Amino acid sequence: MRPVDEQMARLRRGTAEIIVEAELIQKLQRARATGTPLKVKLGLDPTAPDLHLGHTVVLQKLRDFQDLGHQIIIIIGDFTGMIGDPTGRSETRRPLSWDEIRANAETYRAQLGKILEMTRTRVEFNSTWLSPLTFEGVIRETAHLTVAQMLQREDFASRYASGRPISLHEFLYPIAQAYDSVALGADVELGGTDQTFNLLVGRDLQRAHEQEPQVALTVPILEGLDGAQKMSKSLGNYVGIAEPAAEMFGKLMSVSDTLMFRYFELVTRISPEEIAGLRRLHPMEAKKRLARIVTAQYHGEAAAAEAEAEFVRVIQNRQAPEIIETVALVAEGEGIPVWKALTAAGIASSNSEARRKMGEGGVRVDGERVIDLERVLGRGSQVVLQLGRRFKRVLVK
RNA sequence: GGGGAGAUACCCAAGUGGCCAAAGGGGGCAGACUGUAAAUCUGCUGGCGCACGCCUUCGGGGGUUCAAAUCCUCCUCUCCCCA
Numbered sequence: 227m228r229p230v231d232e233q234m235a236r237l238r239r240g241t242a243e244i245i246v247e248a249e250l251i252q253k254l255q256r257a258r259a260t261g262t263p264l265k266v267k268l269g270l271d272p273t274a275p276d277l278h279l280g281h282t283v284v285l286q287k288l289r290d291f292q293d294l295g296h297q298i299i300i301i302i303g304d305f306t307g308m309i310g311d312p313t314g315r316s317e318t319r320r321p322l323s324w325d326e327i328r329a330n331a332e333t334y335r336a337q338l339g340k341i342l343e344m345t346r347t348r349v350e351f352n353s354t355w356l357s358p359l360t361f362e363g364v365i366r367e368t369a370h371l372t373v374a375q376m377l378q379r380e381d382f383a384s385r386y387a388s389g390r391p392i393s394l395h396e397f398l399y400p401i402a403q404a405y406d407s408v409a410l411g412a413d414v415e416l417g418g419t420d421q422t423f424n425l426l427v428g429r430d431l432q433r434a435h436e437q438e439p440q441v442a443l444t445v446p447i448l449e450g451l452d453g454a455q456k457m458s459k460s461l462g463n464y465v466g467i468a469e470p471a472a473e474m475f476g477k478l479m480s481v482s483d484t485l486m487f488r489y490f491e492l493v494t495r496i497s498p499e500e501i502a503g504l505r506r507l508h509p510m511e512a513k514k515r516l517a518r519i520v521t522a523q524y525h526g527e528a529a530a531a532e533a534e535a536e537f538v539r540v541i542q543n544r545q546a547p548e549i550i551e552t553v554a555l556v557a558e559g560e561g562i563p564v565w566k567a568l569t570a571a572g573i574a575s576s577n578s579e580a581r582r583k584m585g586e587g588g589v590r591v592d593g594e595r596v597i598d599l600e601r602v603l604g605r606g607s608q609v610v611l612q613l614g615r616r617f618k619r620v621l622v623k
C-alpha cells in the first residue's frame, strides 16, 4: 500500500468534503500497518440503472480507492429503493420485482465496468440484511435517532418550514442507508454532497452499535446540461455513459462555456495545469476537446473521432448527417402530406405539432424550408425530412 | 377530536357561471443571431386532414344549469391552528 500522504493527495483531489479528515488519515495508517484494506462503500439506486456523467464523479473517486488497494463495495439499494430517497417529489415507489432488480443490477455491472475493476469490486444488495429486520428491529434502530436530528437535513427542514408534507417513512431512508454501513462495518462511505446528511447518520448509527464511525467523503454534485440543476435522468439534463457516441459528443458541445470547465474538472482526469492551458484555447476548441475526451472514455478513440467528424459536418457545416434512419411510409392516393409524414416518421409528436412547426418555418424537406401545408410527398419519392435537429429519410410507397 | 385553508396543463400560479383549451412566469420546442455556447430577439407550447367545429383536460364520482375550472353533494389527498 502506498504511503498515507500519497494516498491522501489522490483522495483529496476533486473532493468536496471529508468528514473527518483526521479520522481518514488514521484509518489509512492502520490499514497500511496491518495490511487490511479499508471497506469503502457506495450505494446505488436500483430503479434507474442508467449511469450518467453525474454518477461518474463519485465512481471515479471510488476507483481511486480501488487503485490504492482498498476494498470497494457497491450497494444496490434494492430495499431502500422501495422507499425512495426523500426529494419532496418522489412518493413511495412501486417495489421492483426480483427479476427487474436482477436485470437492473446486470445493467449496472456492465456500465460500472467502464470505470471500476469489477473483478475486485464487491456488490451487495441491501435487502440481504434489511429484509430480515423485524418491526422490533426497526424500532430499535430508529430509537437511536431523534426527530431534531432528522430535521437537520436541509430538505426536511425546508419542507417542514414551508408546510409541505414529509411522509414518516421518508425518515426511514437515511436510517436504512445508515444501517447498511453498520451491516458492512464500513470505513468510508462516498456520496455527492447532497448525501452528506445520510452519510452522517451512518456515523451516528455506527456509534450506537459501538462501531468506529465511517468517514464521509463527498464529491461535488455535477450540474446537468442546463448548467443549473443537478444532472439527473428525470430532469432530462444528463449525458448517459451508455449513449451513442454522436449523441454524447453533441450534448457535450451544447454545454455552456462556464459549465465546460466544470466538466473538465469533475468528469475528466485531466490535471488542473492542463485545464488551465485549455482556458487559453478558443472556447469551441476547448469544448471539442472535452467532448472528444469524454466520448473516447466511454466509446473509444475511434468512435469519438467519428462523432467529432459528424458534428462538424452536420452542425458546423449544416449538412445532413452521414447516417439517417430511413422510414417507409405508405402513400394515400397520390402521396402523403408533409405534415403527416413528419408525424408518421416520428419527428413530430402530433399532427398539430407538425403543422405548427411548418408554419413556424422549422421544417425542411431535402434541406429546403417548407411552409406550405398543402405540400405533398408524391408516391415513390424519397426525401430527407428535417424538423430542427431531427432528421429522417422518408420513402413514400 | 374540533376549527380553517387548499388540490388548475410539464412545474409555479391566476381564474369563482357563459367572452376559458383556461392570464402570467418558468421550462420545453422551432426560428434569427452564433461557436448547436452564453446573452438577446421572435413564434409556438392538448388532440383531431385544421373546421369561428368536435373531442379530452382544472384531484375523483354524482348532481344543478341552455351553459360548470367556477354552484351543490359525496369521496380522496395535503397544509395550518387548537386539543
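In the numbering used here, the protein residues as written are 227 to 623.
Just so you know, even glycine gets a beta-carbon here, dropped at the ideal spot from N, CA and C.
Keep in mind it's a predicted model, so treat the numbers as computed, not measured.
In the DSSP assignment, Phe-617 is bridged to Gln-612. Taking a 10 Å sphere around the C-beta of Leu-621, we find fewer than 16 other C-beta atoms and assign the residue as exposed. If you ignore the 5 residues before and after Ile-392, its C-beta comes within less than 7 angstroms of the C-beta of Phe-382, Arg-385, Tyr-386, all in its own chain and listed in chain order. Inside the region 538-573, DSSP marks whole alpha helix (DSSP H) runs of 4 or more residues at positions 564-570, from first to last along the chain. Leu-277: not part of any alpha helix (DSSP H); DSSP gives it neither H nor E. Contact check between the region 494-501 and the region 552-571: fewer than three CB pairs, one atom from each, fall below 8 angstroms, which does not count as touching. In the DSSP annotation of this structure, the continuous segment of the alpha helix (DSSP H) that includes Lys-253 starts and ends at 247-260. When secondary structure is reduced to three states using DSSP, Glu-449 falls in the strand class. Between Ala-442 and Thr-422, the beta carbon gap of about 7 angstroms places them in contact (Cβ cut-off 8 angstroms). Listed as beta-bridge partners of Lys-267 by DSSP are Ile-299, Glu-415. When the alpha-carbon of Ala-336 is set against those of Val-349, Asp-325, Thr-241, the nearest one is in Val-349. Beta-bridge partners assigned by DSSP to Gly-604: Gly-561. A distance of 7 angstroms or more separates the beta carbons of Pro-400 and Asn-330.
Annotated three-state conformation of Leu-443 is strand, per DSSP. Here the region 424-438 does not lie against the region 450-469, with fewer than 3 beta-carbon pairs under 8 angstroms apart. In the assembly as shown, Val-520 is a buried residue. Its beta-carbon has 16 or more other beta-carbons within 10 Å. For Arg-488, there is no enclosing beta strand (DSSP E); the enclosing alpha helix (DSSP H) covers residues 483-493. Annotation for Glu-232: the continuous alpha helix (DSSP H) segment containing it runs 230-238. The continuous alpha helix (DSSP H) containing Thr-354 extends over residues 353-356. Counting the other CB atoms within 10 Å of its CB gives Gln-523 a total of 16 or more, which places it among the buried residues.
Here the alpha carbons of Leu-410 and Ala-259 stand approximately 22 angstroms from one another. Going by DSSP, Val-520 is part of the alpha helix (DSSP H) stretching over 509-525.
In this chain, the alpha helix (DSSP H) harbouring Val-427 covers 422-434. Residue environment analysis places Arg-581 among the buried positions, since at least 16 neighbouring C-beta atoms fall within 10 angstroms of its C-beta.
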